[in-house]
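Counting from 1 along the sequence shown, just add 758 to a position and that's the residue number in our numbering. Even glycine gets a Cβ: it sits at the ideal position worked out from N, Cα and C. Structure, as structure tokens:
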Amino acid sequence: MFWPSQQAILLADTHFGKAATFRNEGIPVPAGTTDVMLQKISDTIEKTQAQSVYFLGDFCHSFSRYEKDFVSELTNWREKHQHIDMTLILGNHDLGQRTLFHKLEFTVVEEPLLVGGVALCHYPETVVPQDTYKLAGHIHPSVSLVGGVDSLTKIPCFHFNETVGVLPAFGEFTGTHRIKPEPSDHVFAVADDQVFSLVGAAQAQIAAH
């Protein structure tokens with residue numbers, strides 16, 4: 759998510775290192791996901807001319823030590839963006855990773871972090887000052903849409919209600935949680951590098967499945 763008034767990019771649940779963790783456990787998943795995600799962030803920084811990046815928790819996936827090549831890839835990327843302020847709101851997967859975050863020159867904070875009158879959090883249920891809107895991650899929201907021959911296709915989405923907006927997981931292989939939006943909610947699905955609003959009959963349909 760790009761926040762124009764703050765010249766900031768917001769990213770939730772990147773889960774860097776998850777693919778490597780899977781491979782270490784014998785689960786065959788493709789390599790190169792870190793490079794792909796870092797390039798996407800770089801492209802977004804260049805396109806938007808953002809001055810800061812906020813990670814809404816779960817920057818990394820595993821509590822274990824990472825391979826040197828993985829850490830080098832992250833630090834080399836960070837060096838290319840030294841002019842960008844990067845802040846991490848700690849998530850549950852970020853515990854025990856402060857050495858890495860220090861190398862990346864991240865500002866690391868506990869939730870909630872108030873920016874421009876909005877509370878940036880990892881958990882959607884985080885308690886914030888009264889009448890303060892929240893932006894969060896953690897649950898990896900998705901919706902199921904009816905495709906051909908009445909098949910269901912599950913895709914990531916942004917989910918906004920009156921008190922909190924939850925961003926989709928940015929990371930690869932993160933899994934998703936299917937939401938059931940209320941009629942007053944706003945849902946924006948993400949597919950094929952496009953974001954589109956689901957309203958009216960479409961939103962009623964995803965709530966029914």
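On a CA-only basis, which of VAL945, ASP950 and CYS915 is nearest LEU934? Give me that one, please. The identity of residue 934 in the sequence shown is Thr, whereas the question assumes Leu. Looking at the Cα atoms, CYS915 is the closest of the given residues.
Looking only at DSSP bridge pairs, what is ALA808 linked to? Beta-bridge pairing links ALA808 to no other residue.
Expressed to the nearest angstrom, what Euclidean distance is found between the alpha-carbon atoms of GLN888 and ASN919? Taking C-alpha positions only, GLN888 is separated from ASN919 by approximately 16 Å.
Limits of the alpha helix (DSSP H) - the one that THR845 falls within: Element bounds for THR845: not the alpha helix (DSSP H) but the beta strand (DSSP E), 843-847.
Is ASP843 near the ligand ATP, going by C-beta to nearest heavy atom under 8 Å? Ligands in the displayed structure: none, and consequently the ligand ATP is not present.
Would ALA927 and THR772 be called neighbours here (beta carbons separated by less than 9 Å)? Going by C-beta atoms, ALA927 is nearer than 9 Å to THR772.
Would you report the Cα separation of PRO882 and THR802, rounded to the nearest angstrom? For PRO882 and THR802, the distance between alpha carbons rounds to 25 Å.
Per-residue burial, PRO899 [other beta carbons within 10 Å of its own, 16 or more giving buried]: That one is buried.
Candidates PHE774, LEU878 and PHE954, of which the one nearest HIS851 by Cα: Nearest Cα to HIS851 within the set PHE774, LEU878 and PHE954: PHE774.
Classify PRO941: buried if its beta carbon has 16 or more other beta carbons within 10 angstroms, exposed otherwise. With fewer than 16 neighbouring CB atoms inside 10 Å of its own CB, PRO941 falls in the exposed class.
Could you please give the first and the last residue of the uninterrupted beta strand (DSSP E) stretch that includes PHE817? That residue, PHE817, is in no beta strand (DSSP E); it is neither H nor E in DSSP.
Pick from LEU862, ARG936 and PHE813: whose alpha carbon is nearest that of PHE760? PHE760 has its Cα closest to that of PHE813, out of LEU862, ARG936 and PHE813.
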